[in-house]
Every structure is written in structure tokens, then in C-alpha cells.
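Notes to accompany the following structure.
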Amino acid sequence: MAFEKIKRSENYSEWYNNLVKDADLAEHAAVKGCMVIKPYGYAIWEKMQQQLDKMFKETGHSNAYFPLLIPKSFFEKEEKNAEGFAKECAVVTHYRLKVDENRKIIVDPDAKLEEELIIRPTSEAIIWNTYKGWIQSYRDLPILLNQWANVMRWEMRTRLFLRTSEFLWQEGHTAHATADEALIETKQMLEVYAEFSETFLGVPVIKGVKTENERFAGAVETYCIEGLMQDGKALQMGTSHFLGQNFAKAFDVKFQTKEGKLEHVWATSWGVSTRLMGALIMAHSDDEGLVLPPNLAPFQIVIVPIYRSDEERMKVEAAALQIKKNLEALNMSVKFDNRDTHKPGYKFAEWELKGVPLRIGIGPRDIENGTVELARRDTKEKQVVSIDGIEVFVKNLLSEIQAAIYTKAKSFRDANIHKVDTWDEFQKILEEKGGFISAHWDGTGDTEEKIKQLTKATIRCIPLNNELEAGKCVLTGNPSTQRVLFAKAY
RNA sequence: CGGGGUGUAGCGUAGCCCGGUAUCGCGUCUGCUUUGGGAGCAGAAGGUCGUAGGUUCAAAUCCUGCCACCCCGACCA
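Heads up, the first sequence is in my numbering, so the first residue is 48 and it goes up one at a time.
So, in C-alpha cells, the structure goes:
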């Protein structure tokens with residue numbers, strides 16, 4: 048049979064790749080490292096977008112759009128930023144093609160651009176060049192913008208959703224009069240991301256700051272949320288950067304204060320991407336397929352009718368449609384799968400693969416008893432419930448599922464944070480169990496780098512509100528004031 | 001970019017060593033029977049073997065170049 052599947056425990060990567068394909072989320076495109084997001088996958092992404100967008104607006108932001116192409120000279124202005132991205136930029140050098148003697152399409156050598164254009168790997172450069180023209184006085188501040196866009200980073204090795212050459216994201220770029228205000232914005236957006244991840248994706252995250260080595264190129268401080276996937280690897284799910292005055296200085300963006308002084312503007316930027324799709328998939332799914340939290344599922348409920356004769360079919364459909372209507376009246380999204388080309392068993396399996404949180408099966412037996420069969424995707428539990436009052440019952444059950452998915456992921460995450468005090472133990476836990484390792488670190492980039500060389504583990508973050516605790520660096524034995532989180536990461 | 005591997009129908013594959021225009025499964029299409037956990041039977045369509053060239057009477061098979069993909073490394077907010 049075609050549905051022999053790779054088990055999660057056998058080969059996590061292959062399981063993930065097959066799942067993305069089988070659940071109809073995305074596939075590799077004909078373009079190097081790029082992906083096609085298919086309708087079902089995109090529907091989930093749209094749900095994420097809607098919710099995030101709402102949260103951005105609630106915190107005072109507006110959407111805008113800036114160009115895809117960035118003149119090379121803009122890009123060079125913030126040195127660290129340019130350096131950090133230089134190795135993975137696609138460059139536009141010509142603006143025309145032509146047909147040559149052999150009737151082949153070639154790049155017209157006469158159409159060479161005087162200045163090359165960079166396809167944005169991130170938009171700080173073009174946006175700060177624009178902000179320069181918008182900001183003169185303290186009255187022009189703050190600027191609180193977000194853009195939904197695609198960016199391109201020419202990655203050597205790609206994986207669907209987790210790292211593709213082109214990806215979709217949102218990037219917020221704000222400008223402020225004071226450092227304090229910018230820092231508050233940075234932290235606020237980190238909170239927005241954390242809340243989104245936990246409440247909607249059902250993925251618990253650890254909030255923290257990056258070490259200097261892992262910091263965004265051009266940032267003064269990078270805040271992040273880190274999630275843990277089911278194979279014990281960490282995933283950076285979102286970042287919020289305090290950019291200080293780096294970009295304002297690079298692009299010469301100054302404003303006049305109330306007191307009449309000229310000062311550089313303070314900046315933040317923050318983003319999450321289609322990588323969140325990867326997080327969603329890896330955090331909850333099982334051997335049967337995707338497990339979607341109700342808050343993000345394109346369909347929260349699927350109704351599968353069961354019948355033999357046409358007569359039965361008509362009765363069942365009428366009852367099913369009535370249930371659908373009642374559920375929709377309470378703002379639940381329902382798919383009625385009345386395809387006559389597949390049998391119920393096939394549909395059960397298919398919707399499980401696609402992660403629909405709740406399935407309602409209804410057949411002649413139910414019509415007679417005034418019941419339906421309810422099947423939960425997350426626990427696989429089935430129960431027979433009365434049609435009478437089913438809307439409220441299902442509505443509550445969906446909330447319960449949302450909570451259960453989060454709780455399960457959180458238990459897993461918490462069980463996989465290991466406190467470690469010796470180097471032997473560090474290597475052993477990393478090798479055998481994975482997960483986060485909470486250990487002392489002497490605070491130097493050298494040690495961090497050495498640990499990375501030796502084990503492939505990196506410092507994911509220094510957790511916010513970290514308890515201070517005197518200790519010794521797990522590698523060097525040098526004094527340390529707090530534990531940091533290490534993990535192998537995607 | 002270095003090391004290894006792969007490329008045959010929509011998907012997964014056999015054949016390659018030892019040249020003779022291609023195997024099987026899934027899927028697709030038609031018909032009948034089925035429908036409460038991925039249906040059964042019968043029949044049919046679909047490829048010219050990544051690409052360019054070479055050797056040969058004859059190339060999926062041998063040789064060379066190129067391309068793509070996968071794994072390992074490097075790289076990766």
C-alpha cells in the first residue's frame with residue numbers, strides 16, 4: 048500500500064520531509080532552494096498572518112511596503128549588516144535579455160546596470176534610507192511599521208519551511224526618539240511573538256537574548272524566542288532586535304529634539320517567517336501526520352458522512368449540513384467532506400494526515416440514535432455524543448484540544464531541559480538525549496566557539512529574568528554568574 | 001566549494017556489472033460490486049530511461065562533458 052510511512056522515531060528528517068509533502072503543505076520548486084507553498088500549507092500560513100497582523104495593529108503598528116531590490120551602495124552603509132549577509136545575497140546585474148544568433152535567450156551585455164541591485168535578504172537598508180526622508184523632528188517619531196514580504200538568502204543547504212532560499216516573513220522596523228522607548232518596543236514585540244507562539248501555535252518558547260556571536264548583524268542586542276522540537280533540537284522561532292543608533296548613523300537619520308538639539312534616531316527590527324510552519328509541524332505531529340492546534344487549523348472540524356444507499360445518503364447529508372450550520376453559527380470552521388469518490392476510511396486517514404483537530408462521523412446508525420461519533424486528532428480518542436447541543440460541546444472540546452496540545456509540548460520541553468555541571472555530562476546528555484542544556488559559561492566568545500566546534504551545540508539564548516548563580520564554566524572552569532541554554536539547533 | 005551517492009511513467013522502483021528500445025507496486029481512467037478505519041475484481045492509458053556528445057549494426061546499460069537532486073563537511077540571526 049502507498050501509505051507505508053516513515054516513523055518519526057526512525058528517521059526524523061525523512062519523517063518531516065514526507066509529512067510536508069503528504070499533508071500537501073509544500074514542495075521543492077524548480078528553482079534552487081526555493082519552495083512552492085501549496086494551498087493547504089498557505090491556508091495555515093494565512094491564519095498565522097491574520098493573527099500576527101491583528102496583534103501588531105493592537106500594539107500600534109501599521110503595514111507598509113518597501114522595494115524588493117536594494118542598491119548595493121545602500122547595503123554597504125551598515126558594515127556589520129552587509130558583512131553578515133554578504134555571503135548569501137542574490138545580485139541583479141542586468142535589466143534585459145535578448146535573442147542571439149542561435150535563437151537562444153541570453154543576457155544582453157549592453158544592458159548592464161551601472162550599480163548592481165541586491166535582492167533583499169532583509170530590509171533595514173532600504174527602509175532606513177527611506178526613513179531618512181521622513182524624519183526631521185521629534186514630532187515625526189515614533190515610526191511603527193511592519194511589512195509582509197519575501198526575502199532571499201542564498202543558502203547552501205535548504206529544508207522546506209525551515210531554511211529556504213526565498214521565504215515569506217514579516218519584518219517590523221521602528222524608529223524612536225529615545226533608547227528607552229526603542230528597548231521597550233523591542234521587548235514588547237518579543238512578548239507578542241511569545242504569546243502568539245504559545246497561544247496559537249501551541250509551542251512553548253524560552254525568551255532570551257543572544258550572545259554576541261549569535262547576534263543579528265548590525266544589532267546592539269538580539270532578543271529571541273527558542274522552541275524545542277520533538278527530536279531534541281532547538282529552533283529559533285522569532286527575533287526582536289534593538290538596533291541602537293547603528294542604522295541611524297549609517298544612513299544619517301537625525302531628528303531635532305524639543306530642546307532643539309540634533310540627535311540620531313533609535314531603532315528596532317523584528318521578524319518571524321514561514322519557519323514557524325516548520326515549528327508547528329515538528330512540535331506536534333505524529334506518525335499519522337500533522338496535528339494542528341484548533342486556533343490555526345484551516346478547518347477545525349471535518350464531517351465525514353457514512354452511507355450505503357442514496358436514500359441513506361440523503362438523510363445523512365441533511366443531518367450533516369444542519370450540524371455544519373450550527374457549528375458555523377458559533378464561529379467554527381467546518382469542512383463537510385461529501386466526496387463520493389472516496390470511502391470513509393480513506394477520508395479518516397486523509398484528514399488525520401492533514402491534522403484537522405476534530406472529526407465528526409455521521410451515518411445511519413447515528414441518525415437513528417440522534418448521535419455522532421467525535422474523534423480527536425491529538426489523542427485519537429473517540430466518543431459518541433448527542434447531536435442535541437453539539438455546538439457547545441464541540442466548541443469547548445476545541446478549546447480543550449488547543450490547551451492539551453500546548454500542555455503536551457510544554458511537558459516535553461520541560462522534561463528536556465537538563466542542568467549540567469561537568470563537561471563529560473554535557474557531551475553525554477547532548478549525545479544521548481538532546482534538548483536544552485542549562486550550564487554555566489564563562490561569557491567569552493572563544494569558549495562558545497570551542498563548544499560549538501566540539502559538539503555542534505550553540506548557545507541558544509541567555510534566558511530573560513535568569514537567576515544569578517555563581518558557578519564554573521562547563522568547559523573552561525572559569526567563574527560564571529549564570530547559566531545559559533545550549534542546544535543543537537536547526 | 002571539497003568527499004560520497006543518485007537521476008528510468010504523477011510517485012516509489014527493477015534492469016546497468018555481462019549492450020538487443022524496459023519490470024513491478026502505488027496512483028490515474030472505464031465498468032461492476034462496495035462504503036462505521038486507507039475496498040475488491042476485470043480491463044485500459046501512460047515512459048523511451050536527467051542532458052549533450054562519443055563508441056557500436058544496435059546504448060537505460062560502455063565512455064566523456066554538463067545539469068539537477070540527496071547525504072557528509074563547509075556555510076547558515
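Where is the CB? At the ideal position from N, CA and C, for every residue including glycine.
Check your understanding: If you count every other CB in all the chains shown that lies within 10 Å of the CB of Glu273, and 16 or more means buried, which is it?
Key -> Your numbering for residue 273 matches position 226 in the first sequence. It is buried - the Cβ of Glu273 has at least 16 other Cβ atoms within 10 Å.
Practice item. Leaving out five residues on either side along the sequence, give the residues of the same chain with a beta carbon under 7 Å from the beta carbon of Tyr185. Key: Reading the first sequence from its first residue, position 138 is the one you call residue 185. Same-chain partners within the cutoff: Ala224, Phe302, Gln303, Thr304, Lys305.
Check your understanding: Is it the case that the Cβ atoms of Asp71 and Lys179 are separated by a distance below 8 Å?
Key -> Here residue 71 corresponds to residue number 24 of the first sequence, with the count starting at 1. Here residue 179 corresponds to residue number 132 of the first sequence, with the count starting at 1. Taking 8 Å as the Cβ cut-off, Asp71 and Lys179 do not qualify as a contacting pair.
Check your understanding: Once you ignore the five residues that flank Ile53 on each side, which residues in its own chain have a CB closer than 7 Å to its CB?
Key -> Working through the first sequence from its first residue, we reach residue 53 at position 6. Only Glu61, Trp62, Asn65 meet the Cβ criterion.
**Study point:** For Cys136, the residue or residues it bridges with in DSSP
**Key:** As a first step, residue 136 is located in the first sequence; it is residue number 89 there, counting from the start. Beta-bridge pairing links Cys136 to no other residue.
Check your understanding: Could you give the distance in angstroms between the alpha-carbon of Ala367 and the alpha-carbon of Ile328?
Key -> Position 320 of the first sequence holds residue 367. Position 281 of the first sequence holds residue 328. Distance between the alpha carbons of Ala367 and Ile328 is about 30 Å.
Exercise for review: State the CB to CB distance for the pair Val431 and Asp384, rounded to an integer number of angstroms; the pair is presumed to be in contact (CB under 8 Å).
Suggested key: Translated into the one-based positions of the first sequence, residue 431 becomes position 384. Translated into the one-based positions of the first sequence, residue 384 becomes position 337. At roughly 19 Å, the Cβ-Cβ gap does not stay under 8 Å, so Val431 and Asp384 are not in contact.
Review point. Which partner residues does Trp195 have in the DSSP bridge list?
Key: Your numbering for residue 195 matches position 148 in the first sequence. Partner(s): Gln217.
Check your understanding: How many Å lie between Pro46 and Ile182 at the Cα?
Key -> This structure leaves residue 46 out entirely; the chain is present only between 48 and 537.
Review point. Taking the alpha-carbon positions, what's the Val521 to Trp470 distance?
Key: As a working mapping, residue 521 is identified with position 474 in the first sequence. As a working mapping, residue 470 is identified with position 423 in the first sequence. Cα to Cα, Val521 sits roughly 5 Å from Trp470.
Check your understanding: How big is the Cα-Cα spacing for Glu472 and Met95?
Key -> Start at 1 with the first residue of the first sequence, and residue 472 comes out as number 425. Start at 1 with the first residue of the first sequence, and residue 95 comes out as number 48. Those two C-alpha atoms are separated by around 39 Å.
Practice item. Compute the distance between the beta-carbons of Ala129 and His141, then report whether it is under 8 Å. Key: Within the first sequence, the letter at position 82 stands for residue 129. Within the first sequence, the letter at position 94 stands for residue 141. No, these two residues do not count as a Cβ contact at 8 Å.
Review point. Is Gly410 helix, strand or coil by DSSP?
Key: Against the first sequence, residue 410 aligns to sequence position 363. In the structure shown, Gly410 sits in coil (DSSP, three-state: anything other than H, G, I, E or B).
Review point. According to DSSP, is Gln474 helix, strand or coil?
Key: Within the first sequence, numbered from 1, the residue matching residue 474 stands at position 427. Gln474: helix per DSSP, three-state reduction.
**Study point:** Residue range of the beta strand (DSSP E) that includes Ile152
**Key:** As a first step, residue 152 is located in the first sequence; it is residue number 105 there, counting from the start. For Ile152, the enclosing beta strand (DSSP E) has its first and last residue at 152-154.
**Study point:** Residues that DSSP places opposite Asp333 in a beta bridge
**Key:** Position 286 of the first sequence, counted from the first residue, corresponds to residue 333. In DSSP, Asp333 forms a bridge with Gly336.
Review point. Residues bridged to Lys466 by DSSP?
Key: Locating residue 466 in the first sequence gives position 419, where the first residue counts as 1. Paired residue(s): Ser485.
Review point. For Arg186, which three-state DSSP category applies?
Key: For the purposes of this step, residue 186 is identified with residue 139 of the first sequence, where counting begins at 1. Three-state result, Arg186: helix.
Point to revise | Selected residue, minimal CA-CA separation from Thr176, among Pro114, Thr269, Lys401, Leu209 | key: Counting from one through the first sequence, the residue named residue 176 turns up at place 129. Here residue 176 turns out to be Asn, not Thr, going by the sequence shown. Ranked by Cα distance from Asn176, the first of Pro114, Thr269, Lys401, Leu209 is Pro114.
Review point. Between Val139 and Asn525, what straight-line distance do the alpha-carbon atoms span, to the nearest angstrom?
Key: Here the question's residue 139 lines up with position 92 in the first sequence. Here the question's residue 525 lines up with position 478 in the first sequence. Using only the alpha carbons, I get a separation of about 49 Å.
**Study point:** Coarse secondary structure for Ser56, derived from DSSP in three states
**Key:** Walking along the first sequence from the start, residue 56 turns up at place 9. Looking at Ser56 - three-state DSSP - the assignment turns out to be coil, as it is neither helix nor strand.
Exercise for review: Find out if the Cβ-Cβ distance for the pair Ser120, Glu57 is shorter than 8 Å.
Suggested key: Residue numbering aside, residue 120 sits at position 73 when the first sequence is read from its first letter. Residue numbering aside, residue 57 sits at position 10 when the first sequence is read from its first letter. Not a contact, by the Cβ cut-off of 8 Å.
**Study point:** Nearest neighbour of Asp435, chosen from Val419, Glu135, Gln449, Ile91 [CA to CA]
**Key:** Residue 435 sits at position 388 when you count from the first residue of the first sequence. Residue Val419 is the option with its Cα nearest to Asp435.
Exercise for review: Check whether the Cβ atoms of Lys18 and Thr269 lie closer than 8 Å to each other.
Suggested key: Nothing can be reported for residue 18, as the shown portion of the chain is limited to 48 through 537.
Check your understanding: Going straight from the alpha carbon of Ser320 to that of Lys127, what length do you get?
Key -> On the first sequence, position 273 is the one that residue 320 refers to. On the first sequence, position 80 is the one that residue 127 refers to. Looking at the backbone, the Cα of Ser320 and that of Lys127 are separated by about 22 Å.
Practice item. Check the DSSP bridge columns for Trp317 and list the partner residues they point to. Key: Taking the first sequence and counting its residues from 1, the one referred to as residue 317 is at position 270. For Trp317, which the question treats as bridged, DSSP gives the partners Gly219, Ser287.
Exercise for review: Note the first and the last residue of the continuous alpha helix (DSSP H) segment covering Ile231.
Suggested key: As a position in the first sequence, residue 231 is number 184, starting the count at 1. Taken as a continuous stretch (DSSP letters only), the alpha helix (DSSP H) holding Ile231 covers 226-243.
Review point. To the nearest angstrom, how far is it from the Cα of Asp461 to the Cα of Thr505?
Key: Along the first sequence, read from residue 1 onward, the residue named residue 461 stands at position 414. Along the first sequence, read from residue 1 onward, the residue named residue 505 stands at position 458. About 19 Å.
Check your understanding: Is DSSP giving Met379 helix, strand or coil here?
Key -> In the first sequence, the residue the question calls residue 379 occupies position 332. Coil.
Exercise for review: Run the CB neighbour count on Val531, radius 10 Å, all protein chains shown included, and call it buried at 16 or more, exposed below.
Suggested key: Here residue 531 is taken as the residue at index 484 of the first sequence, counted from 1. Buried is the call here.
**Study point:** Closest Cα partner of Ala196 within the set Glu202, Leu160, Ile174
**Key:** Against the first sequence, residue 196 aligns to sequence position 149. It is Ile174 whose Cα lies nearest to the Cα of Ala196.
Point to revise | Sequence-distant residues of the same chain with beta carbon closer than 6 Å to Phe103, five excluded per side | key: Locating residue 103 in the first sequence gives position 56, where the first residue counts as 1. Here the set comprises Asn193.
Practice item. Give the DSSP-derived three-state secondary structure of Tyr270 in the structure shown. Key: Position 223 of the first sequence, counted from the start, is the residue given in the question as residue 270. Tyr270: strand per DSSP, three-state reduction.
Point to revise | Residue range of the alpha helix (DSSP H) that includes Phe294 | key: The sequence position of residue 294 within the first sequence is 247, counting from 1. First-last of the alpha helix (DSSP H) with Phe294: 293-297.
Check your understanding: How about Val441 and Leu374: are their beta carbons less than 8 Å apart?
Key -> As a first step, residue 441 must be located in the first sequence, where it is residue number 394. As a first step, residue 374 must be located in the first sequence, where it is residue number 327. Taking 8 Å as the Cβ cut-off, Val441 and Leu374 qualify as a contacting pair.
Review point. How big is the Cα-Cα spacing for Ala295 and Ala314?
Key: The sequence position of residue 295 within the first sequence is 248, counting from 1. The sequence position of residue 314 within the first sequence is 267, counting from 1. Distance between the alpha carbons of Ala295 and Ala314 is about 8 Å.
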